[in-house]
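Residue numbering for the sequence shown follows full-length UniProt numbering, starting at 1 and increasing by one per position.
Worksheet for the structure shown next.
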Amino acid sequence: MSLWTALLLAAGIAFALKLAGHLVPTHLLDGPRVRRVTAALPVALLAALVATQAFTVTGGAFVLDARAAAVGVAVVALALRAPFIVVVVLGAATAALLRAMGWG
C-alpha cells in the first residue's frame, strides 16, 4: 500500500466516522450513560497521553526518569489544589533540576 493510498483511506474513514456521528438519532445521545461516558472521554485521553509521554521512550520501552518525577510533583500540587500555572512551573522545575543533576 502506498503512502497516498493510506492517506486517502484514512481521510475516507475519518469522513465516514464524522458522517455517522451526524446520522445517529438524537434520542440515543440524550441518555445519562452516554453523557457520563462523553464527559469522561477527554480525561481518559489526556491521562493516556500523559502516561505515554512520561513513562515511555521511543520504541515503547518503560522508563522512569525526570519526566516521571515531574508528573508526580504535578499530581501532588494538583491534589493540594495549587493553581494550574503553579502546577506547570513546579513540574517543569522538577524536571529541569533532576536533569541538571544528571538524572535524565
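Heads up, the beta-carbon is just placed ideally off N, CA and C, and yes, glycines get one too.
Are the stretch 63-73 and the stretch 84-104 touching by the rule of at least three beta carbon pairs closer than 8 angstroms?
At 8 angstroms Cβ cutoff, the stretches touch.
In or out: Thr94 buried (at least 16 other Cβ within 10 Å) or exposed?
Position 94 of the sequence shown holds residue 94. In this structure Thr94 is buried. Its beta-carbon is surrounded by 16 or more other beta-carbon atoms within 10 angstroms.
Per DSSP, the bridge partner or partners of Thr56:
As a position in the sequence shown, residue 56 is number 56, starting the count at 1. Residue pairing by DSSP places Thr56 opposite Phe62 in a beta bridge.
Taking Cβ positions, are Val73 and Gly91 nearer each other than 7 angstroms?
Taking the sequence shown and counting its residues from 1, the one referred to as residue 73 is at position 73. Taking the sequence shown and counting its residues from 1, the one referred to as residue 91 is at position 91. Contact: yes.
Bounding residues of the alpha helix (DSSP H) (the contiguous stretch that carries Leu4):
Residue mapping note: residue 4 aligns to position 4 of the sequence shown, counting from 1. In the sequence under discussion, the amino acid at residue 4 is Trp, which differs from the Leu named in the question. Note, Trp4: alpha helix (DSSP H), 3-23.
What is the residue span of the alpha helix (DSSP H) that Ala95 lies within?
As a working note, residue 95 is residue 95 in the sequence shown. That run of the alpha helix (DSSP H) goes 84-100.
Go to Leu28, then tell me how far its alpha helix (DSSP H) extends in each direction, as first and last residue.
The residue given as residue 28 occupies position 28 in the sequence shown. Counting along the chain, the unbroken alpha helix (DSSP H) around Leu28 starts and ends at 26-29.
Just to confirm, is the Cβ distance from Leu80 to Val87 under 7 angstroms?
On the sequence shown, position 80 is the one that residue 80 refers to. On the sequence shown, position 87 is the one that residue 87 refers to. In this structure, Val87 does not lie closer than 7 angstroms to Leu80 by Cβ.
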